[in-house]
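Colleague: Numbers 1 to 243, taken from full-length UniProt numbering, label the letters of the sequence shown in order. Questions regarding the structure given below will be posed in turn.
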Amino acid sequence: MASTHFGFKTVDEREKAQRVRSVFDSVAPKYDLMNDLMSGGLHRLWKRYTLTVANPQPGDQVLDIAGGTGDLSLAFSKKVGPTGRVVHTDINESMLREGRNRLLDLGVVLPTLVCDAEQLPFASESFDFVSVAFGLRNMTKKELALAEMCRTLKPGGKLLVLEFSKVAQPLEKAYDWYSFNILPKLGKWVAKDEESYRYLAESIRMHPDQETLRQMIKQAGFGHVDVHNLTAGVVALHVGIKC
1 MASTHFGFKT VDEREKAQRV RSVFDSVAPK YDLMNDLMSG GLHRLWKRYT
51 LTVANPQPGD QVLDIAGGTG DLSLAFSKKV GPTGRVVHTD INESMLREGR
101 NRLLDLGVVL PTLVCDAEQL PFASESFDFV SVAFGLRNMT KKELALAEMC
151 RTLKPGGKLL VLEFSKVAQP LEKAYDWYSF NILPKLGKWV AKDEESYRYL
201 AESIRMHPDQ ETLRQMIKQA GFGHVDVHNL TAGVVALHVG IKC
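Here you go:
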């Protein structure tokens, strides 16, 4: 029986997906508000930077994995235009519903699909870009998910992984204090869910650091991987090129 991490806990691999699903079922209604509060709005700049690095063009095909409430899907759709396509996906139906409804309220209709990144239901070499923002750390088998992302990209396509990472050492103590004292309290006051935001802080610490993740992406089949540290390493953008 294989085990994996759920925050600082060790759980059966088969149990993690259900636990993660419960977390996001709980936080979905307040997800965007909590993102703004937790990051001071910086998450919007991180996503904008990701789009700038991607540099999508009209007609491009984009797969947004763990797309949640649709920030990146919306941004990509504006760039690829009516001749392109953005597929908005998430393993969590509650998050996907929040995103779909938000997009519809803005007059944006995108293909929306509940799917598991470890078993993507798309043909090989289908997309010019695959993006995953703040979702990779919640996946049970990251290596398998990264290999699937590589499979679905066209040769020369870009993978964009935006994720919390290892902060610069001088900031570690302050960042840890904020993560384990302020985040859970914000979750309790705003989302009425302290434990889910304690899991968030723990899951960040269990996620591979910048160099480890870079090597994982290369081992998944990418020929070149760049790492962009943002906000002193609080977040990192990994860009993999499929050769």
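C-beta: ideal position from N, C-alpha, C; glycine also. Every value quoted in this text rests on a predicted model; they were computed, and no experiment measured them.
#1: So what's Q57 in DSSP terms, helix, strand or just coil?
#2: So, helix, strand or coil for T89, using DSSP?
#3: Name the residue from M95, F24, E118 and Q119 whose alpha carbon lies nearest to the alpha carbon of T112.
#4: From the DSSP output, in three-state form, read off S3 for me.
#5: With a threshold of 16 other CB atoms inside 10 Å of the CB of M206, please say whether the residue is buried or exposed.
#6: Would you report the Cα separation of P121 and Q210, rounded to the nearest angstrom?
#7: Determine, using beta carbons only, whether D90 and G67 come nearer to each other than 7 Å.
#8: Using 8 Å as the cut-off, can you tell me whether the region 154-170 makes contact with the region 38-58, which would need three or more C-beta pairs spanning the two stretches below that distance?
#9: For the alpha helix (DSSP H) containing N35, list its first residue and its last residue.
#10: Could you check where the beta strand (DSSP E) with P155 kicks off and where it finishes?
#11: Let me check understanding here. Comparing Cα to Cα, which of K79, S39 and L42 lies closest to P58?
#12: For T152, I'd like the list of residues in its chain whose CB is within less than 8 Å of its CB, leaving aside the five on either flank, ordered along the chain.
Modeller: In short, the structure shows the following:
#1: Looking at Q57 - three-state DSSP - the assignment turns out to be coil, as it is neither helix nor strand.
#2: strand
#3: M95
#4: strand
#5: exposed
#6: The C-alpha of Q210 is placed about 28 Å away from the C-alpha of P121.
#7: yes
#8: yes
#9: Y31 to S39
#10: L153 to F164
#11: When C-alpha distances from P58 are compared across K79, S39 and L42, the shortest belongs to K79.
#12: Taking C-beta separations shorter than 8 Å and ignoring five residues to either side along the sequence, the partners of T152 in its chain run L63, L120, F122, A123, S124, E125, S126, F127 and V130, following chain order.
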